[in-house]
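Have a look at the structure below before the remarks.
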DNA sequence: GTCTATACGATGATAGAC
DNA sequence: GTCTATCATCGTATAGAC
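Protein chains in written order, with my numbering: chain H, 1393 to 1580; chain Y, 1393 to 1580.
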């Protein structure tokens, strides 16, 4: 594996564990085992490296959600898999957790996050419509709003877990969301 | 107003707009008009100042939610006011937005955030039980999980809005959550 | 491609005059 | 209480040898 890959791997880890601002070139070098020369040979700077690392992260995460929302599964199973799936609560979402950082918000790093959010939302949207068609959810449901709500529960669950330093609150949020979906399904 | 108050006001603003790590003593000085001497006279350092500033922020925010959840209002009105209330979507929650920062998570600043989250959740919990008692929500509802879910929708809505740089997604998440609550209310 | 040496401003804090 | 030096260290990047 090349130094370039080592650098990207280190950046992926540090971005998840510490965020963008806290990820200094020095830390990247220590974790990757590469020297500063390699960093600035392969990338224009820290931001460019972060961009490359997060592009890979986004690709990995898309693959995961593609699996969660596989159309082989019944719509309601897709929803429960999405809502109840196990997550690293205290680390936060690998992309979403960066959205509050000033530099991230102001640069094209933010585009990677936004694109990923829209990608997941599209999956949710499709799944909700499939569930309607299958008679599992009421037709009057606004798929647009509903999909963003479910997505927000997950992103917010991470925030609750970290703010309280207690992973259980993410799980509570997940359970509550799934209970609401089930109630909608039964109640119509 | 004393320099101490000026410093705290500046910190409150910067913490909201930029976060903790991005709030440098230099920026604090410029915004507050105080010199470095004043900063280190009144506070032990940047972290101590942040702690004092965020304690004030938490007090202000508690007052706001106390109002939203006033027991003078019908339970369902409290819930709609909480869920649909107008927010500064692109700035994020003044406390929640800090939870992903490494230093915040590792220090007692995090306690302020967790305490606030629990405070809001307690209000939600009470309101949900009041709604049950009034016959507005089904008795089988898990108030614990439900309250954390609704709270997560708001916190997650901020993340969606910032990640996409589009305030509308917070509003979608809010609408979807309220629609679910209404459906639960009608459907039981 | 990779490394070490060097540069330079910013960060976070201290010392001491007023 | 407030201000202006001053300081050590870090963050970020460049230069140039190997």
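We put the beta carbon where it would ideally sit given N, CA and C, even for glycine. Just so we're clear, the structure is a prediction, and the values are computed from it rather than from any experiment.
Test item: CB-CB of residue i and residue j under 9 Å
i	j	result
residue 1542 (chain Y)	residue 1573 (chain Y)	yes
residue 1520 (chain Y)	residue 1544 (chain H)	no
residue 1474 (chain H)	residue 1433 (chain H)	no
residue 1505 (chain H)	residue 1503 (chain Y)	no
residue 1421 (chain H)	residue 1407 (chain H)	no
residue 1471 (chain H)	residue 1530 (chain H)	no
residue 1554 (chain Y)	residue 1497 (chain H)	yes
residue 1513 (chain H)	residue 1539 (chain H)	yes
residue 1429 (chain Y)	residue 1398 (chain Y)	no
residue 1565 (chain H)	residue 1537 (chain Y)	yes
residue 1495 (chain H)	residue 1413 (chain H)	yes
residue 1487 (chain H)	residue 1450 (chain H)	yes
residue 1548 (chain Y)	residue 1490 (chain Y)	no
Of the residues the options, the one placed nearest residue i, counting alpha carbons only
i	options	result
residue 1511 (chain H)	H:1439, H:1565 and H:1454	H:1454
residue 1499 (chain Y)	Y:1523, Y:1443, Y:1409 and Y:1395	Y:1443
residue 1570 (chain H)	Y:1534, Y:1550, Y:1555 and Y:1400	Y:1534
residue 1427 (chain Y)	Y:1396, Y:1484 and Y:1477	Y:1396
residue 1483 (chain H)	H:1469, H:1409, H:1448 and H:1456	H:1409
residue 1418 (chain H)	H:1438, H:1404 and H:1548	H:1438
residue 1523 (chain H)	H:1486, H:1469 and H:1394	H:1469
residue 1563 (chain Y)	Y:1480, Y:1404, Y:1402 and Y:1451	Y:1480
residue 1532 (chain Y)	H:1441, H:1532 and H:1568	H:1568
residue 1401 (chain H)	H:1423, H:1465 and H:1416	H:1423
residue 1448 (chain Y)	Y:1560, Y:1415, Y:1550 and Y:1405	Y:1405
residue 1485 (chain H)	H:1525, H:1462 and H:1550	H:1550
residue 1440 (chain Y)	Y:1462, Y:1415, Y:1463 and Y:1461	Y:1415
Cβ-based burial, residue i [other Cβ within 10 Å; buried from 16]
i	result
residue 1436 (chain H)	exposed
residue 1467 (chain H)	buried
residue 1492 (chain Y)	buried
residue 1527 (chain Y)	exposed
residue 1459 (chain H)	exposed
residue 1457 (chain H)	buried
residue 1579 (chain H)	exposed
residue 1476 (chain Y)	exposed
residue 1403 (chain Y)	buried
DSSP-derived helix/strand/coil call for residue i
i	result
residue 1485 (chain Y)	coil
residue 1529 (chain H)	coil
residue 1479 (chain Y)	coil
residue 1593 (chain H)	Nothing about residue 1593 (chain H) can be reported from this structure: the residues present for chain H run from 1393 to 1580 only.
residue 1564 (chain H)	helix
residue 1396 (chain H)	helix
residue 1442 (chain H)	helix
residue 1412 (chain H)	coil
residue 1466 (chain H)	coil
residue 1491 (chain H)	coil
residue 1535 (chain Y)	helix
residue 1509 (chain H)	helix
residue 1437 (chain Y)	coil
residue 1559 (chain Y)	coil
residue 1427 (chain Y)	coil
residue 1499 (chain Y)	coil
Cβ-heavy atom distance, residue i to the ligand FMN, below 8 Å
i	result
residue 1569 (chain H)	As far as ligands go, the structure on display features none, and thus does not contain the ligand FMN.
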